[in-house]
Every structure is written in structure tokens, then in C-alpha cells.
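Residue numbers (the working numbering): 700 to 766.
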């Protein structure tokens, strides 16, 4: 699943995480857009910690230069 926001920030999450976000959305009354924005804001504020967590779980952190 892809969560995207301008300026160009794309976060790919697993289907399992996406399903958990949907459950949280349904139970909290927040929209998926609100949850996505909160998730992206967290990543931006805690970029280095998030990168380490992703890599520790076997994921990849990829940064691309703007073209």
C-alpha cells in the first residue's frame, strides 16, 4: 500500500500494516487520510529512528534526490 504526500514523500507499507490502519480508522472515527498524515508526520519528525526500525525489521529505506 502506498501513502503519499507533497512534497514528494512516498511510504510503502505492508498489507498487514494497512489493514491495521483501516481497523484503527474504523474504531477511532479518523479517516485513512488523517492517519496517513499522522504517520507521515511521525516519520518526518523521527526520520533516523524510523529508518533504523525499518532496517531492523528487514525493510529498506530508500531516499531519492528530487529531479
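All C-beta atoms, glycine included, are put in the ideal place defined by N, C-alpha and C.
Source: prediction; values computed, not measured.
- Take the alpha-carbon of residue 754 and the one of residue 731: they are about 25 Å apart.
- Taking 9 Å as the cut-off, the beta carbon of residue 720 is found closer than this to the beta carbon of residue 734.
- DSSP, read as helix, strand or coil, puts residue 710 in strand.
- One alpha carbon belongs to residue 713, the other to residue 728, and they sit about 22 Å apart.
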